[in-house]
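In what follows, a structure is listed as structure tokens, so that the remarks can point back to it.
2 protein chains.
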Amino acid sequence: MTDTTGPAAGDSPASSRAHLDNGGGAPLHPLARQALLQSLDEGWADPHRLHTEGRRAARLLDGAREAVAGVLGARTEEVRFTASHAAALHAAVLGTAEARRRTGGDVVVAATERAAVLHAASAAAVVHGGERHVVGVDLLGRVHLDAFRAAVASPGVALAALQHANGEVGTRQPLATAHDAARAAGVPLLVDAGASLGHDDLPETWDLLAAHPADWGGPAGVGVLAVRQRVRTVPPGPEDADPWAPGGVSVPAAFAAAVSLQAVVADRAAQDARRRALTDRVRGAVAGIPDVEVVGDPVDRLPHVVTFSCLYVDGEALVTELDRAGFAVGSGSACTASTLEPSHVLAAMGVLTHGNVRIALDRSTSEQDVDRFLAVLPGAVQRVRDVLGVGGL
Amino acid sequence: MTDTTGPAAGDSPASSRAHLDNGGGAPLHPLARQALLQSLDEGWADPHRLHTEGRRAARLLDGAREAVAGVLGARTEEVRFTASHAAALHAAVLGTAEARRRTGGDVVVAATERAAVLHAASAAAVVHGGERHVVGVDLLGRVHLDAFRAAVASPGVALAALQHANGEVGTRQPLATAHDAARAAGVPLLVDAGASLGHDDLPETWDLLAAHPADWGGPAGVGVLAVRQRVRTVPPGPEDADPWAPGGVSVPAAFAAAVSLQAVVADRAAQDARRRALTDRVRGAVAGIPDVEVVGDPVDRLPHVVTFSCLYVDGEALVTELDRAGFAVGSGSACTASTLEPSHVLAAMGVLTHGNVRIALDRSTSEQDVDRFLAVLPGAVQRVRDVLGVGGL
Chain A
1 MTDTTGPAAG DSPASSRAHL DNGGGAPLHP LARQALLQSL DEGWADPHRL HTEGRRAARL
61 LDGAREAVAG VLGARTEEVR FTASHAAALH AAVLGTAEAR RRTGGDVVVA ATERAAVLHA
121 ASAAAVVHGG ERHVVGVDLL GRVHLDAFRA AVASPGVALA ALQHANGEVG TRQPLATAHD
181 AARAAGVPLL VDAGASLGHD DLPETWDLLA AHPADWGGPA GVGVLAVRQR VRTVPPGPED
241 ADPWAPGGVS VPAAFAAAVS LQAVVADRAA QDARRRALTD RVRGAVAGIP DVEVVGDPVD
301 RLPHVVTFSC LYVDGEALVT ELDRAGFAVG SGSACTASTL EPSHVLAAMG VLTHGNVRIA
361 LDRSTSEQDV DRFLAVLPGA VQRVRDVLGV GGL
Chain B
1 MTDTTGPAAG DSPASSRAHL DNGGGAPLHP LARQALLQSL DEGWADPHRL HTEGRRAARL
61 LDGAREAVAG VLGARTEEVR FTASHAAALH AAVLGTAEAR RRTGGDVVVA ATERAAVLHA
121 ASAAAVVHGG ERHVVGVDLL GRVHLDAFRA AVASPGVALA ALQHANGEVG TRQPLATAHD
181 AARAAGVPLL VDAGASLGHD DLPETWDLLA AHPADWGGPA GVGVLAVRQR VRTVPPGPED
241 ADPWAPGGVS VPAAFAAAVS LQAVVADRAA QDARRRALTD RVRGAVAGIP DVEVVGDPVD
301 RLPHVVTFSC LYVDGEALVT ELDRAGFAVG SGSACTASTL EPSHVLAAMG VLTHGNVRIA
361 LDRSTSEQDV DRFLAVLPGA VQRVRDVLGV GGL
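Taken in sequence, the protein lines are chains A and B.
According to full-length UniProt numbering, the first sequence is numbered sequentially starting from 1.
According to full-length UniProt numbering, the second sequence is numbered sequentially starting from 1.
Okay, here's the thing in structure tokens:
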């Protein structure tokens, strides 16, 4: 990583390290950093207050909503900031289930949805006496459309949820068809764009949409929830002046998230080609290591994500071994806390869940970073296998 | 305001403005700003990840919890960061009511608690089929202790909530006695220190405690919830890796909040004397304006808060008039969004609720700022009265 906005030289020289675990937590985009600093000076006040400082903060927040709305193809008033991406998903599921509780308490989700969606769907079902319908996926991680169609058409469904693309394996979902099916059933569709917005073109086939600023180089501690005006939702928690983000969000964080989104969307096409070439190279090289399986759709996928699983390897041991060699990678479920948990996404796909390595390339990831990673990877896998006394070339 | 960390020259020259509305939203403390910048570089990664960058972020977050715990007289593992102060209050009320639902669904609150507490208590009562007991206060805003004692001793109470001191009128509550009463009844006491931590000495007579970093010069978008290990609580929302702050908080924001808290606690005594002298001066001068009532305890109160209400004056008009003269002040309820709403705190005290001006002095507020404010205030009040065609000297 040669980007000067990367981590300062702390535990090891920055020049020798490459951070390849940028899904949901990339270093701040240089323009996001600049926007954050500027808005710490100009947007620190409570945007609800009536004086000059308060109105200035409110203008920054409105500008941020407008910028995000522009990227989403939404109206400014349809976009709100939340405390986190997970909070946006919780609010979308619980708030829609609450508003449509007379319809029924069922929520339809794909098996590879983020943990926040799966858990909120369970919680909504408990509150409203409904059921959570989990629709399976194929070996590439793509939802079974016939099953999805049947599930949304069943009686008592308040909401359906489908990711734009999966952040672990990169596979895109057939959103347009799924949205048609949901619309035909009169069921709003929540699209989780938490791994794709800023990296991939986003279709406008959604009714509710959640997105994740820290995934595109924005700051942590802020999320995005967009709800089409035609969709009925109610804020799920206790009454608050900021009902979708009780206590309000950080105006500087929201502003920096929006600036960063505009910046990454502006050079998305160039970054798509560059990163797609790099992930293709990783997919090809990794497939040559014995007993290693690359997962997810090889073509219809996010440009920057690659995941593979290694037989006879413990994921945590491999992450540690690669970390020692100067490479930060993910493992296990990208959507839950602990990298020690096996990935529910891989399990749902029916592929190997352990010895799992997840890579998400940042805009600052260079060809050299990838080449160096591919040079050390086979040895790292072998060392972990040697320790376990299994496998071998 | 001469502090260079204040607002940049935007709508008007910084030198001519004084921001006197710092309750819940002060400019960043210089050390908080420095800590934020440093931890943006070192703490941007997801603290749950196992690699070097993730562990570095986790260390920063643990250090922040330890620092806050040190100030609170708590154990590190008793302190958690939340998405906001309101989110901390919601989680404390809902999580304790949920954990103690076999005891009953009642929640006891003082009438002057923050809106987040009042609303969460209502929500908890609805969920658990209980009641919200609102205990009245006297003319100074101090809770009626006999009524409080009787309320917590009634059957079916899951939780009681009492502020350390009120952020609008400054009045301190008799926490030690209230805590004794709650303990005698076997009811945990939630203390809202959102307006006092960093400004006033905090007693250790609490079972749960919520605090507000943006109130002491920390960043917005982060809150603090401390829960003694002996108290049973459960996270109230859907399952999450960060159950008390779904999706996690910003590590840089939490770190900056902790650094700022340590800094303000270190010079609290000096700031107490200085700001108490200034607020005494305001109280004395304001009382000399005809038909103006200064509210709250004149002595047993926060050092930096003054509120007064002006007969024959519209609060919003006065805020606007003072803003034009270069002074940012608050009005209406400090605990709800809109400054247009009358203050439930003043209403509960039985004092005048309109024409209300709320001042909270920052550490950077100078004697000159206060003198200039007192020089323009009588004219501003008179101009608003002239427009309304009422009152007059």
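From the three backbone atoms N, C-alpha and C, an ideal C-beta is built for every residue, glycine too.
None of these values were measured; they are calculated from a predicted model.
(1) On the three-state DSSP scale, how would you describe Glu66 of chain B?
(2) Go ahead and pull the three-state DSSP assignment for residue 394 of chain A.
(3) Among B:Ala83, B:Pro290, B:Arg281, B:Ala124, which has the Cα closest to the Cα of Pro252 of chain B?
(4) Taking a cut of 8 Å between CB atoms, which residues from the region 248 to 267 of chain B lie near chain A?
(5) Using three-state DSSP, classify Ser122 of chain A as helix, strand or coil.
(6) Could you name the residues of chain A that Leu40 of chain B contacts, counting a contact when the two beta carbons are closer than 7 Å?
(7) Note down, in chain order, every chain B residue with its Cβ under 7 Å from the Cβ of Asp46 of chain A.
(8) With 16 as the cutoff for other CB atoms within 10 Å, does Glu77 of chain B come out buried or exposed?
(9) Taking 8 Å as the CB-CB cut-off, is Asp323 of chain B touching chain A?
(10) Contact between the region 116 to 126 of chain B and the region 260 to 276 of chain B is defined here as three or more beta-carbon pairs at a separation below 8 Å; is this criterion met?
(11) Which residue wins for smallest C-alpha separation from Gly167 of chain B, given the options B:Gly141, B:Ala153, B:Leu175, B:Ala181?
(12) Does Gly223 of chain A come out as helix, strand or coil in the three-state DSSP assignment?
(13) Do the CB positions of Gly296 of chain B and Thr177 of chain B come within less than 8 Å of each other?
(14) Using a Cβ distance threshold of 8 Å, determine whether the region 242 to 262 of chain A contacts the region 79 to 95 of chain A, with at least three qualifying pairs required.
(15) Could you name the residues that DSSP lists as bridge partners for Gln229 of chain B?
(16) Taking all protein chains shown into account, decide if Ser364 of chain A is buried (16 or more other Cβ within 10 angstroms of its Cβ) or exposed.
(17) Going by DSSP, what residues sit across from Asp21 of chain B in a beta bridge?
(18) Comparing alpha-carbon positions, which option in B:Arg55, B:Leu61, B:Ser39, B:Gly24 lies nearest Trp44 of chain A?
(19) Name the chain A residues whose beta carbon is nearer than 7 Å to that of His128 of chain B?
(20) Between Thr52 of chain B and chain A, is the shortest Cβ-Cβ distance under 8 Å, so that the two count as touching?
(21) Starting from Leu159 of chain A, trace the beta strand (DSSP E) in both directions and tell me its first and last residue.
(22) Can we say the region 33 to 41 of chain B touches the region 303 to 316 of chain A, given the rule of at least three CB pairs closer than 8 Å?
(23) Hey, out of A:Ala270, A:Pro342, A:Leu346, A:Glu321, whose CA is closest to Val306 of chain A's CA?
(24) Quick one: does Ser84 of chain B have its CB under 8 Å from some CB of chain A?
(25) Could one say the Cβ of Gly223 of chain B lies closer than 8 Å to chain A's Cβ atoms, at least one of them?
(26) Just the chain B side, please: which residues come within less than 7 Å of His19 of chain A by C-beta, in chain order?
(27) Residues of chain A with CB under 9 Å from Glu367 of chain B, in chain order?
(28) Using a Cβ cut-off of 8 Å (strictly closer), state whether Thr320 of chain A contacts chain B.
(29) Quick check on residue 457 of chain B: does DSSP put it in helix, strand or coil?
(30) How long is the line joining the alpha carbons of Ala220 of chain A and Met349 of chain B, rounded to whole angstroms?
(31) Consult DSSP for Ser16 of chain A and reduce its assignment to one of helix, strand or coil.
(32) Along the beta strand (DSSP E) that carries Val191 of chain B, what are the first and last residues, could you check?
In this structure, then:
(1) helix
(2) Nothing about residue 394 of chain A can be read from this structure; chain A reaches only from 1 to 393.
(3) Comparing Cα positions, the closest option is B:Ala83.
(4) Listed by position along the chain: Gly248, Val249, Ser250, Val251, Pro252, Ala253.
(5) helix
(6) Leu28, Arg33
(7) Gly24, Gly25
(8) exposed
(9) yes
(10) no
(11) If we check each option's Cα against that of Gly167 of chain B, B:Gly141 comes out closest.
(12) strand
(13) no
(14) yes
(15) Paired residue(s): none; Gln229 of chain B is not in a bridge.
(16) buried
(17) B:Ala360
(18) B:Gly24
(19) Ordered by position in chain A, no residue passes the 7 Å Cβ test against His128 of chain B, which lies about 13 Å from the chain.
(20) yes
(21) 157 to 163
(22) Under the 8 Å Cβ criterion, the region 33 to 41 of chain B does not count as touching the region 303 to 316 of chain A, having fewer than three qualifying pairs.
(23) A:Leu346
(24) yes
(25) yes
(26) Glu53
(27) By Cβ distance, chain A contributes nothing, its closest Cβ being about 21 Å from Glu367 of chain B, past 9 Å.
(28) yes
(29) The first residue shown for chain B is 1 and the last is 393, placing residue 457 of chain B beyond what the model contains.
(30) 40 Å
(31) helix
(32) 189 to 192
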